[in-house]
Amino acid sequence: MCKCHSGGGRSNRLGNSSTRVPPKKRCGNVFGFKSLRALRLEDLRIPTAYVKTFQGPPRGIQVERDKLNKYGRPLLGCTIKPKLGLAAKNYDRAVYECLRGGLDFTKDDENVNSQPFMRWRDRFLFCAEALFKAQTKTGEIKGHYLNATADERLFSSLNL
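Quick note on numbering: the working numbering labels position 95 of the sequence shown as 386, and the sequence is numbered without any gaps.
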């Protein structure tokens, strides 16, 4: 269950959990916009193919350390900025420069999705290329975390 209600930035329960989770943490930073007096997430649909294939989230920092083969130090990463306005080819250049320059990973801002000037599939392909180039250049395992929030029709058309 994920029903988010916001009124003055109050924390609300998530699902049946007894843990209080601020709306911003579970539904994105739109709940932190001061100009909004109230906002409600009424429905959340998860594609059937995703439910059938998703094995659950990894647990803890150790999983990321194992994936990146980085131990004994903090992991270094950044969110690519500007979050809006870059074409996919320019976005991948920013990813490459950050990873080549020494970061362990980069990530999309949560507002980056599939836009007319930067479609999700293009960003996926260009970022994968940037990641592989940075790994080849540095000899290290690198990561990029793509924002994968989009209409389920987009993902079914990718054949991933």
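A virtual CB, placed ideally from N, CA and C, is assigned to each residue, including glycine.
- By alpha-carbon distance to K433, the top candidate from A329, S405, L327, K361 is K361.
- The beta-carbon separation of I371 and D400, rounded to 7 Å, stays under the 8 Å limit for a contact.
- A straight-line Cα-Cα distance of about 33 Å links Y341 and R328.
- Per DSSP, L330 is not a residue of any alpha helix (DSSP H); the beta strand (DSSP E) it occupies stretches across 329 to 332.
- Taking a 10 Å sphere around the C-beta of F423, we find fewer than 16 other C-beta atoms and assign the residue as exposed.
- If you check the CB distance, N402 and W411 do not come in under 8 Å.
- Under DSSP, F396 forms a beta bridge with G368, G434.
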